[in-house]
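Everything in the sequence shown is counted per our numbering, starting at 128 for the first residue and increasing by one.
Backbone N, C-alpha and C fix where the C-beta goes; we use that ideal spot for every residue, glycine too.
Inspection log for the structure reproduced underneath, given as structure tokens.
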Amino acid sequence: MTIRERYKRTIGYFRNNNPDPDTELDYKNPFELIVAVILSAQCTDKRVNMIMPPLMEKFPDAASMAGAKPEELFEYIRSCSYPNNKARHLSGMSKLLTEEFGGKVPSEPSLLQKLPGVGRKTANVVASVLFKKPVMAVDTHVFRVANRIGLTVAKNPISSEIQLTRHIPADLVHKAHHWLLLHGRYICKSRKPLCSMCGLSDFCKYYIKNSGLKAK
128 MTIRERYKRT IGYFRNNNPD PDTELDYKNP FELIVAVILS AQCTDKRVNM IMPPLMEKFP
188 DAASMAGAKP EELFEYIRSC SYPNNKARHL SGMSKLLTEE FGGKVPSEPS LLQKLPGVGR
248 KTANVVASVL FKKPVMAVDT HVFRVANRIG LTVAKNPISS EIQLTRHIPA DLVHKAHHWL
308 LLHGRYICKS RKPLCSMCGL SDFCKYYIKN SGLKAK
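So, in structure tokens, the structure goes:
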């Protein structure tokens, strides 16, 4: 199977089974999303969705959050991972967003990465979810699934991102992030992948290697 055929079959499967994927983070506006994505680093979406309502009720926009001290923000996010660091990131992000961007979340990943706490992956998530930019956020799920299926041969997220965006049509990249992420979260799990429930197993390199079957 050529790499082109592998991508075609993978995309076809996801388009048929999950035509409109979206983030599982709850948000009402761009500012809420960037806050949620920062909080989601090494933390479950479920936990972030529990933290967000009281946090956003107290600090509904960049200006109000910029006026808060990290110690005050910490009290609202203490149940997530690395709350001290994230409190500092939220404070710095809100201040810069207010001072340089008028409180509005920029659409370009390069501008998003100027914000404290916003690295390449976070910037790509925000740009793809909010603005449908053709950028691929590669987290552990996306990285694992893409390598297992055979869409990539990558040793790091940057290499995976480059390979995925090279082969996936630009208008589908923002969807493909969620396709791969959700597949990794619920089917192609790290320790015990549910291969019997996967519609990609007949050409998945990982499954074929570990099952002893031949690729169709």
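Would you report the Cα separation of residue i and residue j, rounded to the nearest angstrom?
i	j	result
M263	Y140	19 Å
P210	I161	16 Å
H294	K316	24 Å
V164	T249	6 Å
S218	L200	8 Å
K109	Y134	No statement about residue 109 is possible, as the shown extent of the chain runs from 128 to 343 and does not include it.
S323	S234	40 Å
P243	F158	14 Å
R275	P320	11 Å
T267	G194	34 Å
M192	A214	10 Å
K222	H216	10 Å
E226	N156	19 Å
G277	A190	45 Å
L309	L239	24 Å
Y313	S328	15 Å
V245	L166	11 Å
Under the three-state reduction of DSSP, which class applies to residue i: helix, strand or coil?
i	result
L217	helix
T249	helix
D147	coil
K343	The predicted position of K343 is uncertain, since its pLDDT is 48 and thus under 50; a value taken from the coordinates is nonetheless stated next. The answer is coil: DSSP assigns K343 none of H, G, I, E or B.
T171	coil
T292	helix
N211	helix
S237	helix
N283	coil
G311	helix
Y134	helix
Is residue j closer than 8 Å to residue i when the C-beta atoms are compared?
i	j	result
P236	Y203	no
G326	N144	yes
G230	D188	yes
V269	H304	yes
R174	S206	yes
V265	P284	yes
M307	V272	One point to set straight first is that residue 307 is Leu, not Met, in the sequence displayed. Yes, these two residues count as a Cβ contact at 8 Å.
Just to confirm, does residue i get its C-beta within under 7 Å of one of the non-hydrogen atoms of the ligand ATP?
i	result
K196	The ligand ATP is absent from the structure shown, which contains no ligand whatsoever.
Given that a residue counts as buried once 16 or more other Cβ atoms are within 10 Å of its Cβ, and exposed if not, what is residue i?
i	result
V300	buried
K282	exposed
T137	buried
Y154	buried
K196	exposed
M128	exposed
Under 8 Å, with one C-beta from each stretch per pair, do the region 321-336 and the region 163-175 reach the 3-pair mark?
no
Check whether the region 279-289 touches the region 140-154, taking contact to mean three or more Cβ pairs, one atom from each stretch, closer than 8 Å.
no
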